[in-house]
Each structure stands twice: as structure tokens, then as C-alpha cells.
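Heads up, the sequence shown is in our numbering, so the first residue is 263 and it goes up one at a time. Ideal Cβ placement from N, Cα and C applies to all residues, glycine included. Bear in mind that the values here come from a model prediction, so they are computed numbers and not experimental data.
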Amino acid sequence: MSQEFVKVASTSDVPSGSLKAVDLGQDQIVIANVNGKYYAIGRECNHAKWDLSEGELEGESITCAGHGAKWNLKTGEGSFPMPLESEPVYDVKVDGSDILLKKRE
Ligand code: FES
């Protein structure tokens, strides 16, 4: 069953260079704005559950505020420095000022 895109935020909620926590059903997600391009991955760090929306955006990755694991926003892959289980990745669509997400199959 394919999912539909669902509105989770407005573009004004996520200025360039920022992170925002949103929920989509049961999923806890962090949206990142990298120079006007939006990414979304699961926000509970797979190392020890810190909230990635409190991490630091660097290029196209988030560094977890907990212990410094790096999460690739394009692939959901994490390293600490060994690989961690990947975060789910969400497709992002911008429609006017709406940000919509859909879990990547
Ligand atoms: S909880 Fe994220 S690096 Fe430890």
C-alpha cells in the first residue's frame, strides 16, 4: 500500500540552516533545511535515543547532540564511528508554503 504525502509543517517553521521536530502518525521525524532543500529522517538517534532535532546541522548531515554520531540526511545512514542502524528516510514535497512528507518505501 503506497502512502500519501501528509502536511507536517510550513516552510516558515524551518528556516535555512535549521532543524525542526515533527510527527507523522507514530513516526518521530526531524526536518532539515539545507540551503533551501529539505530533508527528513527519523529523529530518535539509534545510538542512545537522543533527539536529533537538538543536534547540529553540518552540510547534509546531523551531528547528534548526545555523543556525536553523524547522520546522513540523504540516506539515513549513521556512524559512531562504527555504522549504526539507519534512520528511516522520508520524501519531502513542498507545495506553496506547505512541507509534506511521505515515508520512503
Ligand atoms: S544518542 Fe546520538 S550519539 Fe549517542
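How long is the line joining the alpha carbons of residue 311 and residue 351, rounded to whole angstroms?
17 Å
What's the call for residue 359, buried or exposed, on a 16-neighbour Cβ count within 10 Å?
exposed
Helix, strand or coil: which one does DSSP assign to residue 316?
helix
Grab me the residues of residue 275's own chain with a C-beta within less than 6 Å of its C-beta, minus the 5 sequence neighbours each way, in chain order.
By the criterion of a C-beta distance shorter than 6 Å, residue 275 is surrounded in its chain by 282, once the five residues flanking it on both sides are discounted.
So, for residue 265: in the same chain, excluding its five sequence neighbours on each side, which residues have a beta-carbon less than 7 Å away from its beta-carbon?
364, 365
Can you look up residue 280 in the DSSP assignment and give me helix, strand or coil?
Of the three classes helix, strand and coil, the one that applies to residue 280 here is coil, per DSSP.
Excluding sequence positions up to five away, which residues of its chain have a Cβ less than 7 Å from the Cβ of residue 277?
295
Backbone secondary structure at residue 325 - three-state DSSP
strand
Residues around the ligand FES, please: the condition is that the C-beta lies closer than 5 Å to some non-hydrogen atom of it.
307, 309, 310, 312, 326, 328, 329, 331
DSSP three-state assignment for residue 274, whether helix, strand or coil:
helix
Measuring only the C-alpha atoms, how far is residue 285 from residue 341?
24 Å
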